[in-house]
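Number of protein chains: 4
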Amino acid sequence: MTLRGYSVPRTQTGRASLVPPPPWHYVGDFLVVDYWAEPDAAKSVLPDGLLPHPDAGRCAVVCADWQSCSEGGDEIVDPSRSHYKEFFIVVNALLDGEEVTTCPFIWVDQDFALARGWIQGFPKKLGEIWMTRTFGVESPADPGLAPGGRHGATCSARGRAMADLTVEIESGNDDEGPRHNAPPIVNVRHFPRLAAGRHDDPQVHELVRAVSRDRVMSKVASGSATLNLYPAPGEEHDILAPVKIGRGYRFTFGYTVDDLETVKEIR
Amino acid sequence: MTLRGYSVPRTQTGRASLVPPPPWHYVGDFLVVDYWAEPDAAKSVLPDGLLPHPDAGRCAVVCADWQSCSEGGDEIVDPSRSHYKEFFIVVNALLDGEEVTTCPFIWVDQDFALARGWIQGFPKKLGEIWMTRTFGVESPADPGLAPGGRHGATCSARGRAMADLTVEIESGNDDEGPRHNAPPIVNVRHFPRLAAGRHDDPQVHELVRAVSRDRVMSKVASGSATLNLYPAPGEEHDILAPVKIGRGYRFTFGYTVDDLETVKEIR
Amino acid sequence: MTLRGYSVPRTQTGRASLVPPPPWHYVGDFLVVDYWAEPDAAKSVLPDGLLPHPDAGRCAVVCADWQSCSEGGDEIVDPSRSHYKEFFIVVNALLDGEEVTTCPFIWVDQDFALARGWIQGFPKKLGEIWMTRTFGVESPADPGLAPGGRHGATCSARGRAMADLTVEIESGNDDEGPRHNAPPIVNVRHFPRLAAGRHDDPQVHELVRAVSRDRVMSKVASGSATLNLYPAPGEEHDILAPVKIGRGYRFTFGYTVDDLETVKEIR
Amino acid sequence: MTLRGYSVPRTQTGRASLVPPPPWHYVGDFLVVDYWAEPDAAKSVLPDGLLPHPDAGRCAVVCADWQSCSEGGDEIVDPSRSHYKEFFIVVNALLDGEEVTTCPFIWVDQDFALARGWIQGFPKKLGEIWMTRTFGVESPADPGLAPGGRHGATCSARGRAMADLTVEIESGNDDEGPRHNAPPIVNVRHFPRLAAGRHDDPQVHELVRAVSRDRVMSKVASGSATLNLYPAPGEEHDILAPVKIGRGYRFTFGYTVDDLETVKEIR
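Chains as they are written, first to last, in my numbering: chain A, 44 to 310; chain B, 44 to 310; chain C, 44 to 310; chain D, 44 to 310.
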């Protein structure tokens, strides 16, 4: 191939690529709520190859406020190319008997993150995500990370509410962190065909397992949580609305991604 | 496959798919400027399989203000799912001796259009596109389509100017329409791998020719034009900046897409 | 005053002013739905000086897709400075026995239009507005203006749905146009104080009547309509939700504004 | 007055007001660069009542990533109503012999912050602002606050670059903080008239001095800086482009605002 570039657009230098080549370094603040959806609904979104988790309906929602960069880190000082926020749901499942999670619905607010997600198997759409921040000074405008601090997040897409959640901190230093988001994540990489007669025969359709390295994590604050998932035209995530809500978590997390494991092609 | 959906996210019903299944019906207003870039620059962005056009450096820029829908047309009354605007550059080339165009750079302002473009081989990024409109009434705020009417368009991405263009109408009914955008378009469908060691070995990388049907077109207004392409971090389209500017065109166009022809896989 | 500029920011030349000096020329496409709200709710939003309309609860919603410019029209070829969309509600009322309308709630998608609205007495917030378009060619993606054509509009703010409406055209040439939006509009210009102890004593608070000239209007298409107003945090427009829905209208309209009449100061 | 609300829209409850009533509590991260503009340019933007600073051309640019709320703090858990980012320039000046600053140009990314700024005398337009963050964990994606950490910010409006700046930290604990942004700020509250013949006779036009309380500030990191101000249609801030660049600063700051002092009406 004459032209270069990890993603499109491809040029002589590769510099215009929407997604820079791996490795991708990430750091971000997280709000997570462990919860349970209606078991049949949770089962209904599992891709071929995954079986329902024995703790039926086990799910989590994750809101992340990210800063990311590629090797060299030039995006860090040009933050329109490094910042993005995302909201997603994970459903717990079994892969060959092993506990895993899978992401059926996710929204993100930047194009490079949307494309990077498709490459990793995250079914990303664009949305608008907001999440409470903390600044480390005493202020009525800063909820802080001590007991009593109230944090919230919202996700919308096309001007419709997708979800909102809150966490009221009870412990500033939880021993464990979120349980429903802990297992490794397994998704489906999917790239459709447009050739007539082959619209139902995607060119890429494979179960993949995320691989990461150099993981860092802050202390975890945890507390009571609320969660709502809302219906909207052209959306189906609300089938996973909570029937029981667990604990909420707030922490900071970072890692590096430059690999992906193909579990199996699905046909 | 148990789950349904032309694109991700995939569910039992397929209704949450970011891109609805073909056919896709389009109608939109266009501003086009025929121009010539520096010949070596135009040549430098051609994918394998295309040779330079004998009229060296021949290019066009296209700004389109679209309304689109899938079968049934539900998106039409929910226009956040049918409206989008895009700006792109085409470079003229030869494919096995036949005149074609190819699109090295394109920006679009909606996620469904970005994903639909990747599926068709358009190397779309998100941008913000603005284009003068006309309303069919006499008003100082309406430039109209008669001689003297001045139309403009701009494209930006990440808060940086990518391009601007203007067309001052001299003829309200041109016989031909744009010449540099007339040949069939040939692009590259590209879907990268993330598996370690295979970042330079895309899973999908093939030359494709656009196929369409049921084309409709209004009268074409034409006139003198201006065009600027601007440099920006992480962008390279400005290597195709104009060395000579031809005529500008303003018209309305519609068509339907539900097919794509693979010319050859590139390795 | 040394510095110049109709609005802020003010400079030696006045060129940076967010709102250029009047006259302001406008042209746009409109979707309007005549309807009735709960009478007590309609009465509850009337400013001092207006009395309830005898046809209790009479209201309209208006969605407008505008192109506007100041004298000289430079914004027309730089459409990021001339395009905006807005959605608003008008309540019918009496001013000294004369039929008038007043606008209690309005959203607009550009800063210059928000500021221009405040100067005119429109209580504008930012929102995202979408409205079906028509292009004048035969296409499954173009509803057209003949009987059977279906048009829709939505308004959201901060990622929450504010309103949606549809109009299905039954007549392509209605004799009259919207009735509930026909009377002259009377609003309140309001500019608060921040000085301690005077937060409830606005510096500007006066009833004003809109003045316009050079009005142009297309034929009016009309038909059956739907309308929903939705609740959201920090919003109250949904108290004006419809109890009865009248006819919907689609037309193009233009005018020029460079005057405003103060009816009385309110204290 | 029957209707309530600090700003428009005004209702029976006041809950729909775009700007909630003071006090307003703020906390945010800051990047500041002390610099000097061309002295005549700096002088040219001073409102009546201010004289040039003896250190001719003394200016600063400020980028702030804010979280704010009103009394009760409900906006904190609904962060689309509490987050905003802004970029502004201050010019140093003298008011009756006292050192002050004044803000000739400012962009902000939320409507409530734009309106709140107009009330305080800040000449706000909408823009898009990005600023590097730090997360307190070791990561290649986190520049941190120790020597060597590189931070950047950009501001754009209408898809055009307004400004960019960088700070490379040399000291994680500077004794003083920014000097050019230290004096009290004096701005002009301005609200135009639209009545014919009075477009040059604003209804409100007064020099005001900001008042705040309960100020908190983190340690200040400082280092070398870069700064660019770019020209764009309808903008004039680039007349204040740097002729000499001082030091850059990064810190966190919070305060409360519920008062404003009128210095004098300008006629």
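Cβ coordinates follow ideal geometry from the N, Cα and C atoms, glycine included.
Bridge partners for residue i per DSSP, in chain order?
i, result
"Lys-128 (chain C)", "C:Asp-108"
"Tyr-78 (chain D)", "D:Cys-102 and D:Ile-288"
"Ser-113 (chain A)", "A:Trp-67"
"Arg-138 (chain B)", "Reading the sequence as shown, one finds Leu at residue 138 (chain B) and not Arg. DSSP output for Leu-138 (chain B) lists B:Glu-141 as bridge partner(s)."
"Asp-72 (chain C)", "C:Asp-108 and C:Thr-295"
"His-233 (chain A)", "A:His-248"
"Pro-186 (chain C)", "DSSP output for Pro-186 (chain C) lists no bridge partner at all."
"Val-120 (chain B)", "For Val-120 (chain B), which the question treats as bridged, DSSP gives no partner whatsoever."
"Leu-133 (chain A)", "The sequence shown places Val at residue 133 (chain A), not Leu. According to DSSP, which records beta bridges pairwise, Val-133 (chain A) is partnered with A:Ala-103."
"Thr-54 (chain A)", "A:Arg-47"
"Leu-94 (chain B)", "B:Leu-137"
In the DSSP assignment, find the alpha helix (DSSP H) that holds residue i and state where it starts and stops.
i, result
"Ser-199 (chain A)", "Looking at the DSSP string, Ser-199 (chain A) is not in any alpha helix (DSSP H); the run it does join, the beta strand (DSSP E), is 193-200."
"Ala-85 (chain A)", "82-87"
"Phe-155 (chain B)", "154-163"
Just to confirm the assignment, what range does the beta strand (DSSP E) spanning residue i have?
i, result
"Gly-291 (chain D)", "285-308"
"Asn-224 (chain B)", "Unbroken run through Asn-224 (chain B): none, as it is neither H nor E."
"Gly-215 (chain A)", "203-217"
"Ile-228 (chain C)", "Premise fails: Ile-228 (chain C) is in no beta strand (DSSP E) and is neither H nor E."
"Asp-257 (chain C)", "247-260"
"Met-174 (chain B)", "171-174"
"Ser-267 (chain D)", "263-272"
"Pro-147 (chain B)", "141-151"
Residues of chain A with CB under 9 angstroms from residue i, in chain order?
i, result
"Tyr-49 (chain B)", "Pro-235, His-242, Asp-243 and Pro-245"
"Met-44 (chain B)", "Pro-90, Asp-91, Asp-243, Pro-245, His-248, Ile-309 and Arg-310"
What does residue i reach in chain D if we use C-beta pairs closer than 7 angstroms?
i, result
"Ala-264 (chain B)", "Those within 7 angstroms of Ala-264 (chain B) in chain D number zero; the least Cβ separation is about 25 angstroms."
"Gln-163 (chain C)", "Leu-237"
Output, in chain order, the set of chain D residues within a Cβ distance shorter than 9 angstroms of residue i.
i, result
"Arg-203 (chain B)", "Thr-197, Ser-199, Gly-202, Arg-203 and Ala-204"
"Glu-171 (chain B)", "Arg-201 and Gly-202"
Rounding to the nearest angstrom, what Cα-Cα distance links residue i and residue j in this structure?
i, j, result
"Gly-195 (chain D)", "Thr-209 (chain D)", "4 angstroms"
"Cys-112 (chain B)", "Asp-218 (chain B)", "30 angstroms"
"Asn-216 (chain A)", "Val-259 (chain A)", "16 angstroms"
"Val-231 (chain C)", "Pro-97 (chain C)", "22 angstroms"
"Leu-303 (chain B)", "Arg-47 (chain A)", "24 angstroms"
"Gly-180 (chain D)", "Val-263 (chain A)", "First, the amino acid is wrong: residue 180 (chain D) is Val here, not Gly. Approximately 13 angstroms, taken between the alpha carbons."
"Tyr-292 (chain D)", "Thr-299 (chain D)", "22 angstroms"
"Ser-109 (chain B)", "Ser-125 (chain B)", "The sequence as given places Trp at residue 109 (chain B); Ser does not occur at that position. Near 8 angstroms, if we compare the C-alpha coordinates of Ser-125 (chain B) and Trp-109 (chain B)."
"Ala-238 (chain C)", "Leu-89 (chain D)", "23 angstroms"
"Lys-287 (chain D)", "Ala-80 (chain D)", "7 angstroms"
"Ser-60 (chain A)", "Glu-171 (chain A)", "24 angstroms"
"Met-44 (chain D)", "Pro-285 (chain C)", "27 angstroms"
"Leu-93 (chain C)", "Asn-271 (chain B)", "53 angstroms"
"Cys-106 (chain B)", "Gly-192 (chain B)", "17 angstroms"
"Ala-204 (chain C)", "Asp-139 (chain A)", "43 angstroms"
"Asp-243 (chain B)", "Gln-55 (chain A)", "14 angstroms"
"Ser-265 (chain A)", "Arg-256 (chain B)", "57 angstroms"
"Ile-132 (chain C)", "Gln-246 (chain D)", "27 angstroms"
Using a C-beta to C-beta distance shorter than 7 angstroms, which residues of chain C count as neighbours of residue i?
i, result
"Glu-181 (chain B)", "Val-259"
"Asp-72 (chain B)", "Phe-178"
Just the chain A side, please: which residues come within less than 7 angstroms of residue i by C-beta, in chain order?
i, result
"Lys-168 (chain B)", "Leu-61 and Asp-154"
"Glu-129 (chain C)", "What Glu-129 (chain C) touches in chain A: nothing, since even the nearest Cβ is about 14 angstroms away."
Identify the contact partners of residue i in chain C, using a Cβ-Cβ distance below 9 angstroms as the criterion.
i, result
"Leu-157 (chain D)", "Asp-154, Leu-157, Ala-158 and Leu-169"
Inter-stretch contact at 8 angstroms, needing at least 3 Cβ pairs: the segment 145-154 of chain D / the segment 175-189 of chain D: The segment 145-154 of chain D and the segment 175-189 of chain D do not touch, with fewer than 3 CB-CB distances between them shorter than 8 angstroms.
The segment 279-293 of chain D / the segment 75-82 of chain D touching (three or more Cβ pairs under 8 angstroms): yes
Inter-stretch contact at 8 angstroms, needing at least 3 Cβ pairs: the segment 46-65 of chain A / the segment 133-144 of chain A: no
The segment 233-248 of chain B / the segment 56-75 of chain A touching (three or more Cβ pairs under 8 angstroms): yes
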